[in-house]
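4 protein chains.
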Amino acid sequence: MTTTEAGTGSTGATPCHGEAAGADGSPEQVQGHGHDHGHGPHGYSDQKDQHLKRLRRIEGQIRGLQRMVEEDVYCIDILTQVSASTKALQSFALQLLQEHLRHCVAAAAVKGGDEIDTKVAEASAAIARLLRT
Amino acid sequence: MTTTEAGTGSTGATPCHGEAAGADGSPEQVQGHGHDHGHGPHGYSDQKDQHLKRLRRIEGQIRGLQRMVEEDVYCIDILTQVSASTKALQSFALQLLQEHLRHCVAAAAVKGGDEIDTKVAEASAAIARLLRT
Amino acid sequence: MTTTEAGTGSTGATPCHGEAAGADGSPEQVQGHGHDHGHGPHGYSDQKDQHLKRLRRIEGQIRGLQRMVEEDVYCIDILTQVSASTKALQSFALQLLQEHLRHCVAAAAVKGGDEIDTKVAEASAAIARLLRT
Amino acid sequence: MTTTEAGTGSTGATPCHGEAAGADGSPEQVQGHGHDHGHGPHGYSDQKDQHLKRLRRIEGQIRGLQRMVEEDVYCIDILTQVSASTKALQSFALQLLQEHLRHCVAAAAVKGGDEIDTKVAEASAAIARLLRT
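Protein chains in written order, with UniProt numbering: chain A, 1 to 133; chain B, 1 to 133; chain C, 1 to 133; chain D, 1 to 133.
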């Protein structure tokens with residue numbers, strides 16, 4: 001994979017934008033940036049659909065939890081379903097994180113300069129937040 | 001608080017039913033059991049509503065995650081929202097667990113016999129599942 | 001199981017002392033209390049030895065981590081060992097917690113009064129701390 | 001690879017070694033890269049000492065847990081100390097991981113080729129193991 005491909009690939013799942021993120025990554029800017037720097041439409045929408053499928057499944061699990069509470073299902077059985085939903089959220093986070101390391105962090109390393117430090121600090125902070133929950 | 005009150009309180013949020021849970025706690029049985037053993041209608045529906053409010057908030061967070069993915073929000077910002085949703089699920093689980101210890105486990109201890117062993121083993125396994133995720 | 005048995009059993013692994021813990025559980029008081037309320041010497045020292053064995057194994061794992069760092073072992077291999085040590089600590093915590101629910105919390109429920117509320121709140125807070133790490 | 005060779009690794013705190021990454025990454029190249037990006041032996045031993053200090057502190061906490069068990073300290077107080085030790089282990093893991101991303105993963109990205117995929121998969125698996133505990 002060439003540097004250029006790495007740059008393109010880096011927006012495969014979610015946009016990479018060190019500056020926007022570092023400085024004042026407002027949703028608008030973030031989206032704009034994501035679109036500006038173009039998605040390989042195919043690989044892109046594939047991954048995006050996969051993420052949305054996962055999240056819709058999790059949304060269904062949360063609605064299932066509401067039914068369980070409404071139907072007075074046994075507490076322990078509800079806790080088992082909560083564990084399953086938490087695990088599904090963690091797996092989604094791990095998938096996103098892996099793509100981020102593979103594309104955004106790698107692209108920053110290739111690009112050189114200080115951006116890699118920002119990206120690594122940012123990713124480490126995100127991992128810490130995942131561990132703390 | 002008397003044993004009887006504890007027994008009633010024990011179905012305050014979710015039904016306590018050692019046997020149904022131990023043997024074959026099918027949702028039907030579970031609900032039946034929960035209803036049979038009556039809910040102090042007030043405290044009951046209060047807690048139930050509180051649980052449902054929490055879960056609807058979490059469902060909203062999951063839909064928010066879907067929007068973030070659709071709008072190509074920056075990966076790290078999505079991970080932050082995932083951490084928040086996981087934390088909210090864990091808090092819901094802790095709330096359920098505390099009510100379960102306060103009511104079902106305590107009631108089993110007061111009742112005497114082996115049920116307390118089943119209840120404690122069951123609760124410990126649920127805590128282990130929460131820790132492993 | 002009678003209240004008295006519950007009371008004795010409750011110091012099987014670690015002393016139960018709601019007031020001492022609630023008020024000012026100083027190590028001295030805690031130990032004194034633990035000893036005053038007597039350990040079934042056998043079951044007691046068995047569990048205690050088991051806990052100490054687990055903790056010595058974990059201490060050995062931590063020393064192993066120091067050797068790995070000194071010998072410049074590959075980062076990922078060190079992280080794998082950290083995960084194993086964390087898991088071992090969590091298992092130790094779960095074992096302690098289960099004994100605590102089985103003995104101290106159950107004894108408080110049998111005893112009646114408000115102590116059960118303190119015990120359950122205390123245990124729930126401990127579970128929350130374990131989840132947050 | 002010997003300890004000394006590993007000691008000249010590119011990561012400052014822990015070596016990056018291609019053979020672990022498989023594919024075409026030779027340790028020499030990776031280390032060479034590390035040196036290009038200037039980890040003086042000083043920064044290196046500084047980080048190493050910092051890691052060892054952290055681990056000795058954790059070892060002390062584990063010995064403290066053994067004393068608490070021997071002295072029949074209240075179960076809940078032991079659990080609080082277990083949470084502190086787990087948190088300290090997680091912080092150590094996060095520090096190692098951040099250095100690994102900054103040095104080994106970044107070096108693999110700069111080097112190009114498939115090694116970055118191996119490194120990212122490896123790091124993601126390590127993060128998953130940390131999350132699962």
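Yeah, the Cβ is synthetic: ideal placement off N, Cα and C, and Gly gets one too.
Counting C-beta atoms within 10 angstroms of its own C-beta, S45 of chain D has fewer than 16 neighbours from the protein chains shown and is therefore classed as exposed.
E122 of chain D and E70 of chain B have their C-alpha atoms spaced approximately 28 Å apart.
Rounded to the nearest whole angstrom, the C-alpha separation of K119 of chain C and R102 of chain D is 46 Å. Contacts with chain D at 8 Å (Cβ-Cβ) include S124 of chain A.
In the three-state reduction of the DSSP assignment, G113 of chain C falls in the coil class. Uninterrupted alpha helix (DSSP H) stretches at least 4 residues long and entirely within the stretch 69 to 120 of chain A occur at 75 to 100, 106 to 111, given in chain order. For the C-beta of E59 of chain B, the chain A residues within less than 8 Å are, from N- to C-terminus, E59, I62, R63, Q66. Contacts with chain C at 8 Å (Cβ-Cβ) do not include A84 of chain B. With a 10 Å radius around the Cβ and a threshold of 16 neighbouring Cβ atoms, K111 of chain D comes out buried. No Cβ-Cβ contact shorter than 8 Å links R57 of chain D with A107 of chain D. The beta-carbon of L131 of chain A is placed less than 8 Å from the nearest beta-carbon of chain D.
At a C-beta separation below 8 Å, V69 of chain A has these neighbours in chain B: T14, K48, H51, L52, L55. In this structure, Q90 of chain C lies away from Q61 of chain C, with their beta-carbon atoms at least 8 Å apart. If you draw a straight line from the Cα of F92 of chain A to the Cα of V105 of chain B, it comes to about 34 Å. Using a Cβ-Cβ cut-off of 8 Å, A93 of chain C counts as an interface residue toward chain D, since at least one Cβ of chain D sits closer than that to its own. For the pair L131 of chain B and I78 of chain A, the CB atoms are not nearer than the 8 Å cut-off. By the rule that beta-carbons nearer than 8 Å mark a contact, I116 of chain D does not touch chain C. At least 8 Å separates the beta-carbon of I76 of chain C from that of A109 of chain D. By the beta-carbon neighbour count (other beta carbons within 10 angstroms, threshold 16), R54 of chain A is buried. Among the residues facing chain B, L97 of chain C is included, as its CB has a counterpart in that chain under 8 Å away.
Interface residue (Cβ-Cβ distance to chain A less than 8 Å): A106 of chain D is classified as such. Within 8 Å of the CB of L101 of chain A, the CB atoms of chain D belong to L101, V105, V120, A123, S124, in sequence order along the chain. Judged by beta-carbon spacing, E99 of chain D lies beyond the 8 Å limit of Q50 of chain D, meaning their Cβ atoms are not closer than that value.
In this structure, R129 of chain A lies near S83 of chain B, with their beta-carbon atoms less than 8 Å apart. Residue environment for D72 of chain C: buried (at least 16 other C-beta atoms within 10 angstroms of its C-beta). From the listed residues C:E59, C:R63, C:L65, the smallest Cα separation to L65 of chain D is found for C:E59. At least one C-beta of chain B is nearer than 8 Å to the C-beta of V110 of chain C.
Between S124 of chain B and L52 of chain C, the C-beta gap is not smaller than 8 Å, which leaves the two residues out of contact. Within chain C, not a single residue places a beta-carbon under 7 Å from that of Q81 of chain B; the smallest gap is close to 18 Å.
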